[in-house]
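A quick write-up on the structure given underneath.
Residue numbers (the numbering used here): 11 to 261.
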């Protein structure tokens, strides 16, 4: 956003569009202001309706960007071709390199894993984040374990990234689930050393091995400032789980 903030009163990224339209505080702040907004991963017609109503309240010169995997959704809403910038997914060779690194940690693919990698590519449709999440979760697994996990992914027919991430979450040990939830809710963007200290204090164990597991599964990342970060979709998946009753068993 630091490249886009010049000339705008506010620069914002929203994931839960429905939540915005019901928050009078946010609407009052944005009313009449020149803002730069990104609405990420739009999936439903109603979300586009909410965005249209919101933009009526924005000031002149505001810019709104919508990201969506379903181009037909934008077409049906009447967003013209000239307003759509289609981002190309990974090519077959790019997907191969990513999966070889994530799943096999090697540039040499064992013949017995070829079908596994092809199934991942077929399912992910070139989407880089989907490829990374699935590849990270299958890292080091046997053929049988990979096939079992792929059946779970392939049952997610709408390819919803939060549901895909949930497969990785469920595969974690309970203590790792606890730590990921705590990071997402309270420790995001803090220095790694501070996150380690907080988790150690809360759970009375050294969290370094568990943090390594979360990193290996691409559920958290460390940026160039040494801060622990989460992808927006991971953050939303955790918030959703934290609002459900089953998360109570962790505390």
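The beta carbon of each residue, even a glycine, is placed where N, CA and C say it ideally should be.
What is the rounded straight-line gap between the Cα of residue i and the Cα of residue j?
| i | j | result |
| --- | --- | --- |
| residue 187 | residue 70 | 45 Å |
| residue 75 | residue 121 | 43 Å |
| residue 202 | residue 89 | 42 Å |
| residue 12 | residue 124 | Legend: pLDDT at residue 12 = 49, less than 50; position of this residue unreliable, value from coordinates given subsequently. Each residue's Cα considered, the two are about 42 Å apart. |
| residue 56 | residue 66 | 16 Å |
| residue 42 | residue 19 | 10 Å |
| residue 169 | residue 241 | 17 Å |
| residue 132 | residue 38 | 45 Å |
| residue 256 | residue 17 | Residue placement at residue 256 cannot be trusted, given a pLDDT of 47 that sits under 50; the coordinates are not used to answer. |
| residue 258 | residue 252 | Any reading at residue 258 needs caution, since the residue's pLDDT is 42, under 50, leaving its predicted position unreliable; the model's value is listed next. Computed Cα separation, rounded: 8 Å. |
| residue 47 | residue 62 | 13 Å |
| residue 239 | residue 228 | 10 Å |
| residue 101 | residue 85 | 25 Å |
| residue 249 | residue 141 | 23 Å |
| residue 196 | residue 245 | 11 Å |
According to DSSP, is residue i part of a helix, a strand, or is it coil?
| i | result |
| --- | --- |
| residue 11 | At residue 11, the pLDDT of 48 sits below 50, so the modelled position is not reliable and the matter cannot be decided from this model. |
| residue 20 | strand |
| residue 200 | coil |
| residue 215 | coil |
| residue 100 | coil |
| residue 119 | coil |
| residue 265 | In the structure as shown, the chain starts at 11 and stops at 261, and residue 265 therefore has no counterpart that could be examined. |
| residue 43 | coil |
| residue 61 | helix |
| residue 171 | helix |
| residue 76 | strand |
| residue 230 | coil |
| residue 221 | helix |
| residue 277 | Because the chain here runs from 11 to 261, residue 277 falls outside it and cannot be looked at. |
| residue 67 | coil |
| residue 210 | helix |
| residue 247 | helix |
Residue i: buried (16+ other C-beta within 10 angstroms of its C-beta) or exposed?
| i | result |
| --- | --- |
| residue 217 | buried |
| residue 243 | buried |
| residue 40 | buried |
| residue 163 | buried |
| residue 64 | buried |
| residue 117 | exposed |
Practice task
Count the CB pairs spanning the stretch 69-87 and the stretch 102-120 that are closer than 8 Å, and state whether there are at least three.
Solution key: no
Taking contact to mean 3 or more Cβ pairs, one atom from each stretch, closer than 8 Å, check whether the stretch 148-157 and the stretch 174-185 are in contact. no
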